Structure formats: C-alpha cells, structure tokens
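Numbering (the working numbering), first residue to last: 730 to 1081. See structure below.
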C-alpha cells in the first residue's frame, strides 16, 4: 500500500458513497457523530461498520489525507468536497481487500468496545498484582465507574483469584488463536500486569514499524471480534461474558433523542404532537423517524407515506441506482416529499 492507512480508509469510503456524499459526510461516520444523518448514511452506503473508528480524526488530518489521495491519482474531485475513486484507486482497493478479515462493527460496538476493554484490562492488571500480593501500584484506568465495577466484580466472585485469572487467560487465548498473529500481538502488548504497563498505539506502531492508525484499527478488530464471539457463545466464555453483560447497552441502535421520540410515537402521538412535547422542530422528529425505521423492521412507515408513493419511490430509486434525494424527487415530479423518500430508502435499508 503506497498511502497511509487513514487515507486508505477514506478511499474505501469515497468509493462506497460514489460522489453522493461529501467528505464531511464520511467524516461524521468515521468520527462517530451521533446524528440520524450519519447513522443512516452509514447503513445506506454499507459503512456502518466504520462508525466511530476514527474518533480523534481532525478536519485538518482529513484534508491532508484527501490531498494525499488526489496527489497520487487515487481520487478526483467532482465538485467542492465531493470526490470519486479513480480506476487507479479502485485497483488499490481490490489489491488490499481489507474487509475480508475485518470484524470491526463500529455501529454496534463502538461504545461497548471501549467499556469492555477498560474493564478487561483493569481486571487483568488488578488480578496480576493481587496474585503477587502487590498493593503498591497505579491503576491504568482512572474512571471511577470502571474502578467501582472491578472492585465489586472481584468481591462478589466466588472463584479463587488464581482460578479466575486462569479462566480469563484461557478465554482470551481461545479468541486470540482464531485471529492473526499480528493482531494477537498488538492485543497482548496493550495489556498491563504487575510487571509492565501496556504500550500505547504509538509505541506499538514504532516497535512493529506500522502505521499508527493501522495499529489502532487492528486493535479495534480484536476487541470487536472478542465481543462478537462472547455474545454469540456466552457458554464458551463465561468470564468475558460477565464483563460484556455488565455494560450499559440501553440504546444500541438509536441515539438517545431518537429513543425518546420512539417511545412517544409508540404511545400513539403524531409527529406534530411529539415535536410540541419535546420542543423540537418537526424536521428533527422526522430525522428521528428515519433513524427508527432504519433499525426497526417492525416499525410501519404506512402512517407517514402511502403505499402508492412507496412503490413509485422504490421503482424510481432502483431505476436511477442513486440515493440522492433531489435526483429521485426531480424524476418523480409529484407531491412526494424528501421525508417520504428518506423513509422508503430507510425501509429498503432495513430489508437488505
């Protein structure tokens, strides 16, 4: 790969949206902006797995990567802030095919993954020190919630510390044996024990001669793989599953604001009534409904858009092969609204 890993991810995203969204729409997905638009775009363009994977990406670094891709002939500008991949860019994407061994699921695990790692790594550090009767050390996690949980977990666990440590070790070892040696190495290097403090991504990148962003991504890949394995087979990973279920997953698919709107709609309130109750614009409530439809296949859109209009919108979208709302609306040339188009597209996304 002749570009930075960050630039490669942007190239992948640019190719997926194919000129239908600006680089800032992509930016909002990668940095995990909790807006209906970012989440819906992520689903439509099959980029939801990358949601929040570059939380610290600055706009300045975004432009640096865009400039790199342009200078190397991998993308070209259609209009301001809108780009498409060139044949050369497409060739690079085919060569790398990074999604083949990609377990990252940012949309589902971005918050869960952070808490899971914080609890797991602190638990391992504390157990390591307890086994060696060392009480003089600085915990690697300072979040009081994480510290309290770890203390409570250890006090209420009936297993002996040695037995619990071995169980966590065996469960982690099983998962790590199923991924690449490089990813397993990165995971282990970030762990802290009685004898050492876990390395930062930058330290690991320097030691392994890797791109720091790639190290961060590979580590995320491991964490999300662990979560998916533990969630699917809790009986095989009882210790890790106990950590997993302790994490607050109150609203795994909806933003907090959309969740409130959802509850009001389920109680029979209209869009206008919800807007009044919540003191929000009607357009904001419509954004929430689009997000709800995207993630709840049982939520009916019939009260908001007639079946006749649904059929027209679906046929037009399939014919044009675009997700650009204005383009679809211009072709239909009727009283169809942007909200109605977005609802139909959102429902199509759910049924893919």
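The C-beta atom is built at its ideal place from N, Cα and C for all residues, glycine as well. These figures come from a predicted structure and were not determined experimentally.
Coil, strand or helix - residue 969 by DSSP: helix
The segment 843–859 / the segment 756–771 touching (three or more Cβ pairs under 8 Å): no
Residues bridged to residue 806 (per DSSP): 812
Buried or exposed (CB count within 10 angstroms, at least 16 for buried), residue 996: exposed
Same chain, Cβ closer than 6 Å to residue 832, five either side skipped, listed in chain order: 950, 953 and 954
Alpha-carbon spacing of residue 863 relative to residue 923, whole angstroms: 8 Å
CA-to-CA distance, residue 1002 to residue 1063, given in whole angstroms: 27 Å
Euclidean distance between Cα positions of residue 944 and residue 935: 10 Å
Closest by C-alpha distance to residue 785, when choosing among 1025, 758 and 764: Minimum Cα distance to residue 785 is reached at 758.
Separation of residue 882 from residue 1049, as counted between CA atoms: 55 Å
DSSP state of residue 767 mapped onto helix, strand, coil: helix
Closest by C-alpha distance to residue 1045, when choosing among 999, 926, 921 and 1060: 1060
Burial state of residue 903, where buried means 16 or more other Cβ atoms lie within 10 Å: exposed
CA nearest to the CA of residue 852, picked from 880, 843 and 872: 880
C-alpha distance - residue 941 paired with residue 908, whole-angstrom precision: Each residue's Cα considered, the two are about 20 Å apart.
C-beta atoms of residue 1073 and residue 1019 nearer than 8 Å: no
Among 834, 837 and 731, nearest to residue 802 - alpha-carbon criterion: 731
The segment 748–757 / the segment 804–819 touching (three or more Cβ pairs under 8 Å): yes
Beta-carbon separation (whole angstroms), residue 927 vs residue 937, contact threshold 8 Å: With a Cβ gap of about 15 Å, residue 927 and residue 937 do not count as contacting.
Top-ranked residue by Cα proximity to residue 1076, from 737, 1065 and 1042: 1042
Candidates 1071, 868 and 834: closest to residue 948 by CA position: Cα-wise, what sits closest to residue 948 is 834.
Limits of the unbroken alpha helix (DSSP H) element including residue 792: Unbroken alpha helix (DSSP H) run through residue 792: 788–800.
Span of the alpha helix (DSSP H), counted from its first residue to its last, around residue 835: 835–860
Contact check, residue 754 vs residue 780, beta carbons under 8 Å: Taking 8 Å as the Cβ cut-off, residue 754 and residue 780 do not qualify as a contacting pair.
Other residues of its chain near residue 846: CB distance less than 6 Å, five sequence neighbours each side excluded: Around residue 846: 952.
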